[in-house]
Amino acid sequence: MRFPVRRVTAAGIAVGAALTLAATPAFAAGDPYLAADTVMNNAASIAGGGSTFAGPLQNAAQAYYQARNANASIAGYQLVGSGAGEVGILNNTFSWGGTDVPMSQTDINSNEPSGKHYTVGQFQQIPIGLGGIAISYNLPGFTNKIHLRFNATILAKIYQGKILKWNDPAIKALNKTYAAKLPNHAIDYVARADKSGSTYIFTNFLGVAAPALWTTAPSKAPLTLQNSGDLAGTGNPGMAADIAHNQFTIGYVEYSYVLLNPALANGVAAILNKSGVYTLPSIPTVAADAAAKPNVSPASLATYSIVFEPTKGGRTARVQAYPIAGYTWAIVWQHQTDANKGTLLVKYLDWLSHSWPPIAHQIAGQNIAGQQGYVPLPANIQHLARFSLLAVRGPASQVLLTTHG
Amino acid sequence: MTDVLEQLPKDPILERRELVKAVSARTLRRRSLTSKGMVGLCALAFVLALVPLVAILYSLVSKGLHWWSREFFTTSPAVPSIGNPNNVGGFANAIVGTLVIIGLATLLAIPVGLLAGLLVAESDSRFARMLRSTAEIMTGLPSILLGIFAYTVLVIGGEKWGITFPTIGYSGIAGAFAIGVLMVPIIMKASEASLRSVPQVVKEAGLALGARRSVVARRIIVPTALPGLITSVLLAVSRGVGETAPLIWVVGASIYNPLTWNPHHPMSAIPMMIWLNYNSPYPGFQDSAWGIALFLVVVVLFLNLGCRLLAAFIQRERR
Amino acid sequence: MAQVTQAPPELAPSPDLARKPRFRARSDSPYWVLLYAVGAIFGLLIVGFLLSVISESWPAWQKYGLSILYGTTWNQSTGQFGAVPLIIGTIETTAIALFLAVPIGIGTALAIVHVLPARLRTVTSSVVELLAAVPSVVYGLWGFLVLGPWFATTVEPKIQSFWHGNFPFQGQVETSSLLLAGCVLFVMILPLVVALSRDAIMTVPDETIEGALSVGATRWQVFRKVVLPSARVGIVGAVTLATARALGETVAVAMVIGLNPNIAHSLYAPSATIASIIATEFQDSTPNEVAALCALAVILMAMTLVVNLLGRWLINRGAVKATP
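Chains as they are written, first to last, in my numbering: chain C, 115 to 519; chain D, 99 to 417; chain S, 700 to 1023.
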């Protein structure tokens, strides 16, 4: 079956719009906070950076927001990885740090500048995006009509150097139709060279779905390259570029990069989910995975992880859950020292994490998310974002997210 | 008569000359073949040297020229979207960023560089000689170290060694500081050379007329050496425009930095755009790096050509 | 008859002069104060620069001590900070670049000055000098997008089969490798070597060359025995400068070397240099790791300094030898 790019994206956008509609009953056509979001009385300038998982979403959203908000100046989102996002927020070079993994006290202890002692309670972690991680490969002779099947066991063995060739019997067993096409060549897997939240989500998935094989705890640290052909890419864009430019490679990239890059559309893998179905990444399938675990909070791995969830409705459900997915977060200081910057920050993040009902004919961040390959945040997560942002205080302990400029 | 000549003792110099002639004649063929071979190798080296350089220029023009359009230079980069994954836009934000960063850097570097060059040219004190050797070493230092300097002092700032540094964060100011410190030794060395090249006669004439050293410097030396001083500044600017390493984590570079003239904000720069785009997964963006690289090379060559023309102008004037 | 006993009126001191000096010598000190102040500012910048790099690295030296200098593993996640693979990578790339650039550069300079027709001299020298100004990121872009693929598909397999897969050309051919980085560096420092060697070779006086030719030396003998020894000082300076540039080159190397902080087992394997690792790992480093990277920066500074001092010593030695 040919990977119907246009049809899937059209379906995705339709589903995204439908989900947006379903996500917004709590906010009536006149959400006072959202209405005030693009109104800034004083000029301010903020700069954020971090997770490349959220890169396309941030780039598109920032361009849109700044075009409509004369007093807002948001510097280009720096695609430096979740680890750098945490370092940046802790040493105050970023106004907000993007990460796919909420910061824990251990993270703070290792990343804080020397001489400082911060606690988790000094930060608010706002969910701003929901996306999937595609397993992408580049093999000659494979087109977008073919989707190789992988499960967590095989992926774990590839990344541990135990499965070395593409025509390994284990891979052939899963892909009987294309077994003959699999070349007799070494598998060059691509891993992230920098501290990455995508690596965390991927290793989390391996640990949950193949616990006997993958015994290490999920971590942002770069994975060791076992063989001489393996590549290390910097950032999701670097990973995507490495896969696109080198043959016989396989790697994990955020779905948006695959969706927007025709070069990678030739190699998207179908991954075995917890309900026993091989699923392709797409907006509906990632949404199904998130719907299986609706109550998410940044408190701990158990509460924010949504990998490998069983589909609601089981094997026979029409839309299956895609197992490698996660939320992406923005870390902000709970106590802001500059009222103007703090106001712009909370307004922007509030606008980014919400969607406007189509009836009101206005666009908020999550309305744009679908076009970039992300699932619009469910209603309860948008609530969580709003409550977290309402807790951010200015220098005089005033609430910064208000309905008046 | 000849038997008398034969009975004379042999002249050693004559003998040696005969010997050399004989060896020369014998080895002439080998030596001339070796020479032809080695000279041929030199010519081959010349050709080998030109090949990669010509190849680079060819790649730049063939892959980059077609990107040049009004839109490319006047609009900022666009965000790829589903219908339009290779919608590149332009790199206007980087052009403005370079203008701001290099402009500020030159403002910092010109006074310090020229006056320090004047000091080193005019005075022979131990301090001046120390400055000169330091400048020479600084021009050879890797520029990434200056990035560490600017990051520590301006981006992070804070309380250090008893002084409170301003925390400006990622900004054009921090980038201008890094490039400015890079440019100062270059300006210093080059301006010292041109200041020293002012003929001694002219200087002494001024002193003989009763002018004090500062007046001689202000009225005689600097105006005479002015083309050389301008050359030194242009040389430093051309070097600064192409520098990438000090800016990587100092200026807050991102492809989508909005176009801004405010140096307090993070901004992009032309070489940074190449660095950010060279391994882009979107083929359009990766290809646009050639267009940006061609522009950068043209700017740098222009500045260097300016130096060269000025130097030729000085030669003609002097004659 | 003039009265010679009295001084001529214009030389007699005017009564005004005693009271109000018409000319007061102005002090030159503001000028010197300004110059020395600016010199001091420059000095302060240098001191600040050294201080920032060294003080940022201090925690790493305290924590890991000299193990940074002899450790053989550089792994940020496990906290192992041994700089040996990076030092070796830096030296290897520079060595490859010099191995290629010095003979070709000096040969080219000789060709420009003595072999090619004189009217081509200005054009070729200008071309070479202009190319010396091309920014390094452009060399990296060309190396990554043009030279690299060509190497990986054509050149490297051919060399490997020619060498029968033996060291140092064994192993899988990769797109980013030590050999590619060395070659990109070679292309970068070549214009520098050619330009400075050409300046040095042009200073050899024509009479000396003609003198050698007149006693029957061939052109190559003239080059070898007359020109190069005379130009030795300038050529040593050129090579020193080129080495210092190659040691510190960051972006062009980072784009083509593969950033693998292990000692490369073959010329076709990816590797890493000190400067490229500092550039790419700096931003996502914890303060502990930043200190280790600054320690690397100190090592790089020391290496560059050693090369500069070595070059100066060689030049001085050559100058002393030349004087009779």
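We put the CB at the ideal spot given by N, CA and C, even for glycine. Bear in mind that the values here come from a model prediction, so they are computed numbers and not experimental data.
Rank the options by C-alpha distance to the C-alpha of residue i and give the top, closest one.
{"i": "C/Ser-467", "options": "C/Leu-498, C/Ile-438, C/Val-153", "result": "C/Leu-498"}
{"i": "D/Arg-168", "options": "D/Val-149, D/Glu-234, D/Ala-190", "result": "D/Ala-190"}
{"i": "C/Thr-213", "options": "C/Leu-244, C/Gly-456, C/Gly-484", "result": "C/Leu-244"}
{"i": "C/Ala-323", "options": "C/Ala-354, C/Asp-403, C/Gln-434, C/Ile-438", "result": "C/Ile-438"}
{"i": "C/Leu-415", "options": "C/Pro-472, C/Glu-200, C/Ser-218", "result": "C/Ser-218"}
{"i": "D/Ala-219", "options": "D/Val-282, D/Met-136, D/Ser-289, D/Ala-387", "result": "D/Ser-289"}
{"i": "C/Tyr-436", "options": "C/Val-400, C/Lys-426, C/Val-446, C/Trp-465", "result": "C/Val-400"}
{"i": "C/Arg-507", "options": "C/Phe-237, C/Ala-493, C/Ala-331", "result": "C/Phe-237"}
{"i": "C/Ser-530", "options": "C/Tyr-441, C/Lys-426, C/Ala-402, C/Thr-291", "result": "Shown here, chain C extends from 115 to 519; a query on residue 530 of chain C therefore has no answer."}
{"i": "D/Phe-383", "options": "C/Ile-495, C/Pro-490, C/Gln-176, C/Pro-351", "result": "C/Pro-351"}
{"i": "S/Val-926", "options": "S/Leu-809, S/Asn-1007, S/Thr-853, S/Ser-751", "result": "S/Leu-809"}
{"i": "C/Gln-476", "options": "C/Ala-168, C/Arg-182, C/Asn-155", "result": "C/Arg-182"}
{"i": "D/Ala-291", "options": "D/Arg-129, D/Gly-215, D/Asn-185", "result": "D/Gly-215"}
{"i": "D/Leu-148", "options": "S/Thr-793, S/Ser-754, S/Ala-800", "result": "S/Ala-800"}
{"i": "S/Ala-930", "options": "S/Thr-793, S/Ala-953, S/Pro-904, S/Ala-899", "result": "S/Ala-899"}
{"i": "C/Ile-268", "options": "C/Ala-326, C/Ser-342, C/Gly-163, C/Thr-257", "result": "C/Ala-326"}
{"i": "C/Tyr-93", "options": "C/Arg-429, C/Ala-161, C/Phe-167, C/Ala-355", "result": "Since the first residue of chain C shown is 115 and the last is 519, residue 93 of chain C is not available in this structure."}
{"i": "D/Lys-295", "options": "D/Pro-183, D/Ala-409, D/Ser-157", "result": "As written in the sequence, residue 295 of chain D is Ser, which differs from the Lys given in the question. Taking only the C-alpha atoms, the option nearest D/Ser-295 is D/Ala-409."}
Tell me whether the beta-carbon of residue i lies closer than 8 Å to the beta-carbon of residue j.
{"i": "S/Ile-1014", "j": "S/Val-892", "result": "no"}
{"i": "S/Val-883", "j": "S/Gly-947", "result": "no"}
{"i": "C/Ser-312", "j": "C/Tyr-366", "result": "yes"}
{"i": "D/Pro-369", "j": "D/Gly-340", "result": "yes"}
{"i": "S/Ala-971", "j": "S/Asn-959", "result": "yes"}
{"i": "D/Ile-285", "j": "D/Lys-301", "result": "no"}
{"i": "C/Val-433", "j": "C/Ile-315", "result": "no"}
{"i": "D/Thr-125", "j": "S/Trp-919", "result": "no"}
{"i": "C/Val-382", "j": "C/Val-372", "result": "yes"}
{"i": "C/Ile-301", "j": "C/Ile-364", "result": "yes"}
{"i": "S/Leu-644", "j": "S/Ile-795", "result": "Not covered by the structure: residue 644 of chain S. The range shown for chain S is 700 to 1023."}
{"i": "C/Leu-339", "j": "C/Ile-357", "result": "no"}
{"i": "S/Arg-897", "j": "S/Ser-824", "result": "yes"}
{"i": "S/Thr-772", "j": "S/Gln-779", "result": "yes"}
{"i": "S/Val-737", "j": "D/Val-299", "result": "no"}
{"i": "C/Ala-510", "j": "C/Trp-210", "result": "no"}
{"i": "C/Phe-256", "j": "C/Asn-380", "result": "yes"}
{"i": "C/Leu-148", "j": "C/Trp-465", "result": "yes"}
{"i": "D/Met-371", "j": "D/Val-349", "result": "no"}
On the DSSP letters alone, give me the boundaries of the alpha helix (DSSP H) that residue i sits inside.
{"i": "C/Ser-250", "result": "Note, C/Ser-250: premise wrong, no alpha helix (DSSP H); beta strand (DSSP E) at 237-252."}
{"i": "C/Ser-303", "result": "Note that residue 303 of chain C is Tyr in the sequence shown, not Ser. No alpha helix (DSSP H) holds C/Tyr-303; the beta strand (DSSP E) holding it covers 302-306."}
{"i": "C/Tyr-369", "result": "369-374"}
{"i": "D/Glu-257", "result": "Run containing D/Glu-257: none in the alpha helix (DSSP H); it sits in the beta strand (DSSP E), 256-258."}
{"i": "D/Leu-293", "result": "270-294"}
{"i": "C/Phe-319", "result": "311-323"}
{"i": "C/Thr-220", "result": "219-225"}
{"i": "D/Leu-151", "result": "110-162"}
Against chain E, with Cβ distances strictly below 8 Å, would residue i count as a contact?
{"i": "S/Ala-968", "result": "The structure shown contains no chain E; the protein chains it does contain are C, D and S."}
Where do the N-terminal and C-terminal ends of the beta strand (DSSP E) with residue i fall, by residue?
{"i": "C/Tyr-446", "result": "With the sequence shown as reference, residue 446 of chain C is identified as Val, and Tyr is not the correct amino acid for it. 439-447 is the span of the beta strand (DSSP E), which, as asked, contains C/Val-446."}
{"i": "S/Thr-853", "result": "Segment: none, S/Thr-853 is in no beta strand (DSSP E) and carries neither H nor E."}
{"i": "C/Gly-343", "result": "Unbroken run through C/Gly-343: none, as it is neither H nor E."}
{"i": "C/Ile-160", "result": "158-160"}
{"i": "D/Phe-263", "result": "261-263"}
{"i": "S/Gly-778", "result": "Note, S/Gly-778: premise wrong, no beta strand (DSSP E); not H, not E."}
Taking one C-beta from the segment 254-274 of chain D and one from the segment 190-208 of chain D each time, how about it: are there three or more such pairs within less than 8 Å? yes
Can you find at least 3 beta carbon pairs, one from the segment 407-419 of chain C and one from the segment 446-463 of chain C, that sit closer than 8 Å? no
Evaluate contact between the segment 374-383 of chain D and the segment 827-844 of chain S, counting only Cβ atoms and requiring at least three cross-stretch pairs below 8 Å. yes
Would you list, in sequence order, the uninterrupted beta strand (DSSP E) runs of no fewer than 3 residues that lie entirely inside the segment 295-366 of chain D? none
The segment 132-142 of chain D touching the segment 899-919 of chain S, judged by at least three CB pairs closer than 8 Å: yes
Counting beta carbon pairs with one atom in the segment 973-988 of chain S and one in the segment 221-232 of chain C, are three or more of them shorter than 8 Å? yes
I'd like the ranges of any alpha helix (DSSP H) spanning at least 4 consecutive residues and lying wholly in the segment 960-1003 of chain S. 973-980
Could you pull out every unbroken alpha helix (DSSP H) segment of at least 4 residues lying fully inside the segment 168-207 of chain C, listed in chain order? 169-181, 196-204
Uninterrupted beta strand (DSSP E) stretches inside the segment 801-830 of chain S (no shorter than 3 residues): none
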